[in-house]
Amino acid sequence: MHRLGVRSKTNMISGTSGEAYMAEKDKNPNLPEDDVLTMPPEGEPPHNNDREPEDEHAEGPELEVHQDKEFIQQVLSAVRENNQDQAVELVEDLHAADIADLLEVMSSPQRVGFIELLGERLDPDVLVEVEGAAQADLYEHMPNEQIADAVTELETDDAVYVLEELGAEDREEVLRSLAADDRVAIEESLSYPEESAGRLMSRDLVAVPEFWTVGQTIDYLRSENEDIPDDFYDIFVVDPSHKPVGTVPLSRVMRTHRPVTIGEIMDDDPTLVDVAADQEEVAYQFSKYHLISAGVVDQSQRLVGVVTVDDVVEVIGDEAQEDILALAGVSEESGVNENFIEVTKDRFTWLFVNLGTAILASVVIGLFDATIEQMVALAVLMPIVASMGGNAGTQTMTVAVRAIATKELSSTNALRVVNRELMAAAVNGFALAVFSGFVAWAWFGNAFLGGLFAVAMLVNMVVAGLSGVLIPLGLNRAGADPAIASSVFVTTITDVVGFFVFLGLAALFLL
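Going by the UniProt record's numbering, 494 is the number at position 494 of the sequence shown; the sequence numbering is gapless.
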């Protein structure tokens, strides 16, 4: 397990030539002669420090190209003219994420033309970066043979992501096109539950026995073994049954003398993730313990993969986006670049539910129709009571839902949090009740009406504060997602209670 931390200042030896090394040796007699950082590997030429510096002002691809109207028009012009050379020239220096952004701002016909124009020159990483309707168009119009070729160039976790987004028939066809070992690894990853560590992990890792020396490990990493990943942060130390017994940060290996064994420098208490763990739980562990990577183990505690921080950052972003959208009653399919029909269907369901809650609030108002007819001021003031309660409840609910997601709020501290929210709601409710009561008195010249208005405001604010924290806690305990269902219950409660209390008090004491 490698943890993020403050980097200490170290003296680096350039090691550009034997003369440079001897000069440094004269200054520092304790300099180790076997240090791997002092000299280039045997048989390799010295590093050339005399090369010309790169031009710092060299032009490169612009950032946020999908917001550059002129650039987009050039790309679309190439698509309309079926000019493959121009299209390739425009995007060849772009990052895959920027190409994905371009696809997402295009219309569907433009996307299809652009995809067909690029053909096999399309960066495989675009398959991972693109989302929504653009992803559907890309996967549909990109030949399965090309997808299979792209999958072989991706890391295991990215390959799994691409395949799980394909339809069943296309997935099977792509899998049949893969080499046997790649197919087995991907199929095993697909067998794990969705949004689990098994789907998130990469099988590309470095594992060595603890009796190996640092020199052996470095020589192994320098070898042409195809199983060694291009990028990694930690070296896993395993026993003969391939169970992890420790980890060594790559930086520590490079700073240690060659004869030292890996077992001497390893961290013998690594943070491990169960292969069936939910990806949100994995992200929580990375955030809590400041991890860069963590090993993934199966039920037998054997090392089967690794989750790295770049994957977790994406998970954290996705989960936060999902919670924010869920609070508003929309899903990820309701983005600005998504299909019109899908957006309409997704939002209609939630709006229909809200229509039902609005009718319920109207039924409560209907119970006091005679009271409202006798005093029009009630109709003017009652929306204020409900609105203030709804706003207060939404504030508390948002904080509670986020705290539950980050595990800051649980049954262990629920009572303390509920008491705090009750006190905050009571204080805010009292202050606003006094102010609004005087406003109602001055507005309608009726002190008793102002007093009832203030009491109703205070009661609804307190109820809003309590419901804003109790409802998410209750839904979470029941196994439901608080982000999805909390807002409906909270707004319904504040509307019904606000109308009922205000109109009920008016019916009892004013008329």
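Glycine included, each C-beta is placed from N, C-alpha and C at the ideal position.
Since the model is a prediction, treat every value here as computed from it, not as a measurement.
When the options are compared against residue i, the one with the closest alpha-carbon
i: Leu205; options: Phe438, Asp234, Ala414 and Leu190; result: Asp234
i: Leu503; options: Ile372, Thr156, Leu272 and Ile186; result: Ile372
i: Val488; options: Val330, Gly445 and Gln86; result: Val330
i: Gly132; options: Leu117, Glu421, Leu102 and Asn476; result: Leu102
i: Asp123; options: Ala100, Glu145 and His141; result: Ala100
i: Met382; options: Val399, Ala400, Ala361 and Gln395; result: Ala361
i: Leu250; options: Glu319, Pro240 and Ile292; result: Ile292
i: Ser410; options: Pro472, Asp85 and Pro109; result: Pro472
i: Glu81; options: Asp137, Val353 and Gln110; result: Gln110
i: Gly263; options: Phe211, Ala168, Val184 and Leu351; result: Phe211
i: Glu319; options: Ala507, Ala456 and Asp481; result: Asp481
i: Asn391; options: Lys69, Asp495, Glu280 and Glu194; result: Asp495
i: Gly317; options: Gln299, Ala400 and Glu280; result: Glu280
i: Pro240; options: Arg183, Ser77, Gln301 and Thr412; result: Gln301
i: Asp323; options: Glu70, Ala456, Thr412 and Val399; result: Val399
Whole-Å CB distance - residue i paired with residue j, under 8 Å assumed
i: Val79; j: Gly119; result: Not a contact, Cβ separation roughly 13 Å.
i: Thr308; j: Thr261; result: About 26 Å; that fails the 8 Å criterion.
i: Ala96; j: Glu129; result: 5 Å
i: Leu452; j: Leu367; result: About 17 Å separates the two Cβ atoms, so there is no contact after all.
i: Val105; j: Ile72; result: 7 Å
i: Val275; j: Gly393; result: About 40 Å separates the two Cβ atoms, so there is no contact after all.
i: Val238; j: Ala207; result: 5 Å
i: Ile484; j: Ala326; result: 5 Å
i: Thr491; j: Thr357; result: 7 Å
Contacting residues, own chain, Cβ-Cβ under 6 Å from residue i (five flanking each side not counted)
i: Gly498; result: Val385, Ala386, Gly389 and Asn460
i: Phe500; result: Val364
i: Gln216; result: none
i: Leu378; result: Ile372 and Ala506
Cutoff 8 Å; reference residue i; Cβ partners in own chain excluding five residues on either side
i: Phe448; result: Phe509 and Leu510
i: residue 562; result: Past the edges of the chain, shown from 1 to 511, lies residue 562, and the structure says nothing about it.
i: Ser191; result: Gly198
i: Trp350; result: Gly329 and Val330
i: Glu52; result: Any answer about Glu52 is weak, because its pLDDT of 47 lies below 50 and its placement is not dependable; what the coordinates show is given next. Answer for Glu52: no residue qualifies.
i: Gly179; result: Gly is not the amino acid found at residue 179; the sequence shown has Ala there. Once the five neighbours on either side are set aside, the close Cβ partners of Ala179 are Thr152.
i: Pro259; result: Asp34, Thr213, Val214 and Gly215
i: Gln395; result: Gly468
Contacting residues, own chain, Cβ-Cβ under 7 Å from residue i (five flanking each side not counted)
i: Phe430; result: Leu458
i: Gln74; result: Leu90
i: residue 521; result: For residue 521 there is no data in the structure shown, the boundaries of the chain being 1 and 511.
i: Ile265; result: Val248, Arg252 and Thr256
i: Gly450; result: Gly437, Phe438, Ala440 and Trp441
C-beta contact flag for residue i and residue j at 8 Å
i: Pro209; j: Pro244; result: no
i: Ala454; j: Val434; result: yes
i: residue 523; j: Val376; result: Since the displayed the chain opens at 1 and closes at 511, residue 523 lies outside it and no answer follows.
i: Phe236; j: Leu154; result: no
i: Asp278; j: Ser196; result: yes
i: Met397; j: Ser486; result: yes
i: Thr156; j: Ser107; result: no
i: Ala283; j: Val306; result: no
i: Ala425; j: Ala464; result: yes
i: Val313; j: Ala294; result: no
i: residue 515; j: Ile115; result: Only positions 1 to 511 of the chain appear in the structure, and residue 515 is not among them; the question remains open.
i: Asp267; j: Gly246; result: yes
i: Asp181; j: Asn144; result: no
i: Leu432; j: Leu466; result: no
i: Glu88; j: Arg121; result: Here residue 88 is Val; the residue named in the question, Glu, does not match the sequence. A contact, by the Cβ cut-off of 8 Å.
i: Gln84; j: Leu138; result: no
Min CB distance residue i to chain C below 8 Å
i: Asp268; result: Given the protein chain composition of this structure (a single chain), no chain C is represented.
With three or more C-beta pairs closer than 8 Å as the rule, is the segment 186–204 touching the segment 219–226? The segment 219–226, when compared against the segment 186–204, does not touch it at the 8 Å Cβ threshold.
Three-pair Cβ contact test at 8 Å for the segment 434–445 versus the segment 401–409: Not touching, per the Cβ criterion.
Taking contact to mean 3 or more Cβ pairs, one atom from each stretch, closer than 8 Å, check whether the segment 134–151 and the segment 172–179 are in contact. Contact between the segment 134–151 and the segment 172–179 is present: 3 or more CB-CB pairs across the two stretches fall below 8 Å.
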